[in-house]
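Asker:
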Amino acid sequence: MSPAFTNAGRCETGFPMRKRVTSLAINQELVDERILITGGLGCIGSATVKWLLLNSQCQILVGVREVDPDRARGVLGAIDRSRITLVKVDVRDPDQVLTILDHHRVTRVVHLAGLQTPDCNEHRDLGLQVNLGGTQNVIEAIKAAASPLRRFVFASSMAVYGPRSSYPAGTVAMDSALCPVNVYGTWKLAGEQLTRLLHQETGIDAISLRPGALFGPGRDTGLTATPTTAMKHVAQGLPYEIPYSNHQDYQYVPDVGAAFGNAILEPFSGYGALTLPGHCLTTHQLVQEMREAAKLLGLSDRFQISVGSETVPFICEIDSQAIVAAFPKLKQTPVRQAVHDSIEFYVSRLRNGQTV
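First residue of the sequence shown? That's 1 in full-length UniProt numbering, and the numbers climb one at a time after it.
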């Protein structure tokens with residue numbers, strides 16, 4: 001038997017691993033796969049869709065609150081969308097989710113729909129219905145579907161951990177104690193347990209992925225979106241202050257999309273809760289990377305990014321070897337290139353008369 005990762009990140013015997021094949025063979029083998037991505041035009045959702053379009057032949061159902069082809073074109077850009085179907089899905093409605101699964105004969109699901117931390121804090125009842133109740137509804141629909149699912153990937157978060165000060169210095173073990181500091185993290189932790197139970201009760205291979213602080217194109221909302229906002233201001237030559245100074249695991253949006261793409265398609269057996277690799281930097285170090293990118297892009301004379309004095313207790317330095325072992329094809333863009341490419345993206349949009 002091959003190893004499978006448990007929710008604690010430890011290794012134990014699970015279902016037999018399927019034979020690993022090359023990327024070309026995977027594309028041919030998975031041509032009949034139909035993947036539903038809830039929250040499919042959000043930051044991670046759209047990055048995952050783009051990765052799947054470029055790296056597979058799967059049919060992709062992009063779950064959205066309202067079907068708007070113009071928005072899809074704006075979010076996904078100049079990419080072949082012939083294998084995409086926009087489907088209206090409200091995860092608060094389990095019957096609607098089940099209808100989509102059965103009608104489209106969905107074989108795999110990436111569940112990303114959810115409210116960000118600020119909205120969860122301000123609208124706790126809605127956050128509970130969407131982030132936790134919605135996850136439960138998706139899972140129950142999967143269990144009731146006419147055709148068995150082959151893989152379920154749940155978007156969790158590093159917010160399931162406690163503040164950095166509650167862990168020892170150095171690398172934080174992935175299976176360290178989980179103690180969320182807010183309702184967003186609490187509901188994500190509960191979603192991980194629901195995902196584990198889905199595997200336990202049905203045998204469906206399931207993964208909970210824990211992203212950290214994302215930056216780059218598409219990162220527009222949420223508590224940790226301010227570094228990306230700073231990059232937009234660099235492109236515009238405008239002043240901006242990132243309100244907090246801290247140490248954080250930063251992750252480039254396309255890399256996170258690739259991680260979800262690998263998690264939904266690559267061979268995996270059992271259940272795993274896995275943290276994503278990131279660049280562990282201070283806010284000042286990230287701003288320095290922005291400064292270097294601005295220099296290369298000829299924007300140095302207008303660079304006006306500063307860092308505030310507020311501190312935040314975000315978790316960082318979490319070990320990510322488990323996901324690297326599970327999905328060895330994963331690549332991480334060097335932080336200097338990722339920051340440069342992000343700012344260059346916004347510069348290009350401005351030159352084309354588009355908003356950032």
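Think of the CB as a built atom: it goes at the ideal place given N, C-alpha and C, for glycine as much as any other residue. Bear in mind that the values here come from a model prediction, so they are computed numbers and not experimental data.
Ignore the nearest five residues each way along the sequence and tell me which others in Val-91's own chain have a CB closer than 7 Å to its CB.
Answerer: So the list reads Thr-38, Val-97, Ala-113, Val-130, Gly-134, Asn-137, Val-138, once near-sequence residues are dropped.
Asker: Could you tell me the boundaries of the beta strand (DSSP E) in which Ala-273 lies?
Answerer: Residues 271 to 275.
Asker: Taking only the alpha-carbon atoms, compute the straight-line gap between Ser-23 and Gln-304 and give it to the nearest angstrom.
Answerer: In this prediction, Ser-23 scores a pLDDT of 41, lower than 50, which makes its location untrustworthy; no coordinate-derived value is stated.
Asker: Starting from the N-terminal side, write out each stretch of the beta strand (DSSP E) that is 3 residues or longer and does not extend beyond the region 258 to 340.
Answerer: Correct list: 271 to 275, 279 to 282, 305 to 310.
Asker: What distance in whole Å lies between the Cβ atoms of Leu-209 and Ser-156, which are believed to be in contact at a cut-off of 8 Å?
Answerer: Indeed, because the Cβ distance is near 6 Å, the residues count as touching under 8 Å.
Asker: Which term fits Lys-329, buried or exposed, when burial requires 16 or more other beta carbons within 10 angstroms of its beta carbon?
Answerer: Exposed.
Asker: Taking the beta strand (DSSP E) that Arg-210 falls in, what are its first and last residues?
Answerer: Looking at the DSSP string, the run of the beta strand (DSSP E) that includes Arg-210 is 205 to 210.
Asker: His-247 bridges to which residues according to DSSP?
Answerer: For His-247, which the question treats as bridged, DSSP gives the partners Thr-282.
Asker: Could you spell out the range, first to last residue, of the beta strand (DSSP E) harbouring Leu-41?
Answerer: Note, Leu-41: premise wrong, no beta strand (DSSP E); not H, not E.
Asker: Which whole runs of the beta strand (DSSP E) in the UniProt domain "Ketoreductase" (33 to 179) are 3 residues long or more, in chain order?
Answerer: Entirely contained in the UniProt domain "Ketoreductase" (33 to 179), the beta strand (DSSP E) runs reaching 3 residues are, in chain order, 34 to 38, 59 to 64, 84 to 88, 108 to 111, 151 to 155.
Asker: Drop a sphere of 10 angstroms on the beta-carbon of Leu-296, count the other beta-carbons inside from all chains shown, and report buried for 16 or more, exposed for fewer.
Answerer: Exposed, by the Cβ-count rule.
Asker: Classify Leu-197 as helix, strand or coil using the three-state DSSP reduction.
Answerer: Of the three classes helix, strand and coil, the one that applies to Leu-197 here is helix, per DSSP.
Asker: CB Thr-221 to CB Pro-118, shorter than 9 Å?
Answerer: Contact: yes.
Asker: Can you tell me which residues form a DSSP beta bridge with Phe-345?
Answerer: Phe-345 is not bridged to any residue.
Asker: Would you list the one or two residues that DSSP bridges to Ala-213?
Answerer: Note: Ala-213 sits in a beta bridge opposite Tyr-250.
Asker: Give a yes or no on whether the C-beta atoms belonging to Gly-278 and Val-253 are separated by under 9 Å.
Answerer: Cβ atoms of Gly-278 and Val-253: not closer than 9 Å.
Asker: Tell me which residues share the same chain as Thr-275 and place their Cβ nearer than 6 Å to its Cβ, disregarding the 5 neighbours each side in the sequence.
Answerer: Around Thr-275: Met-174, Arg-210, Ile-318, Ser-320.
Asker: Report all residues from its chain with a CB closer than 8 Å to the CB of residue 361; omit the five preceding and five following residues, and keep chain order.
Answerer: No statement about residue 361 is possible, as the shown extent of the chain runs from 1 to 356 and does not include it.
Asker: Just to confirm my understanding: we take Cys-316, look at its own chain, exclude 5 residues before and 5 after, and list those with CB closer than 7 Å. What are they?
Answerer: Correct list, in chain order: Arg-164, His-247, Gln-248, Asp-249, Cys-280.
Asker: To the nearest angstrom, how far is the alpha carbon of Pro-334 from that of Thr-224?
Answerer: Approximately 20 Å, taken between the alpha carbons.
Asker: Please report the distance separating the alpha-carbon of Asn-352 from that of Thr-228.
Answerer: Taking the straight line from one Cα to the other gives about 20 Å.
Asker: For Arg-108, which residues in the same chain have their Cβ closer than 7 Å to its Cβ, ignoring the five residues on either side in sequence?
Answerer: Glu-33, Ile-35, Leu-149, Arg-150, Arg-151, Ile-264.
Asker: Could you name the residues that DSSP lists as bridge partners for Tyr-240?
Answerer: Paired residue(s): Ile-305.
Asker: If the criterion is Cβ atoms closer than 9 Å, does the pair Val-307 and Ile-242 meet it?
Answerer: Contact: yes.
Asker: With burial defined as no fewer than 16 other Cβ atoms inside 10 Å of the residue's Cβ, what is the status of Ile-207: buried or exposed?
Answerer: Buried, since its Cβ has 16 or more Cβ neighbours within 10 Å.
Asker: Please state whether DSSP places Ala-225 in a helix, a strand or coil.
Answerer: In the structure shown, Ala-225 sits in coil (DSSP, three-state: anything other than H, G, I, E or B).
Asker: Pick helix, strand or coil for Thr-186, following the three-state DSSP scheme.
Answerer: Correct three-state label for Thr-186: helix.
Asker: Would you report the Cα separation of Glu-266 and Val-153, rounded to the nearest angstrom?
Answerer: Rounded to whole angstroms, Glu-266 to Val-153 spans 12 Å at the Cα level.
Asker: Alpha carbon to alpha carbon, what distance is there between Leu-178 and Tyr-184?
Answerer: C-alpha separation (whole angstroms): 13 Å.
Asker: Please classify Glu-66 as buried or exposed, where buried requires at least 16 other C-beta atoms within 10 Å of its C-beta.
Answerer: Per the 10 Å Cβ criterion, exposed.
Asker: Quick check on Arg-219: does DSSP put it in helix, strand or coil?
Answerer: Three-state DSSP puts Arg-219 in coil, outside helix and strand.
Asker: Quick one: Cα of Leu-197 to Cα of Ile-60, how far?
Answerer: So the alpha carbons of these two residues sit roughly 26 Å apart.
Asker: Under three-state DSSP, which class holds Gly-191?
Answerer: In the structure shown, Gly-191 sits in a helix (DSSP, three-state: H, G or I).
Asker: With a threshold of 7 Å on Cβ separation, who are the neighbours of Ala-47 within its own chain once the five nearest residues in sequence on each side are excluded?
Answerer: Only Gly-218, Val-253, Pro-254, Val-256, Gly-257 meet the Cβ criterion.
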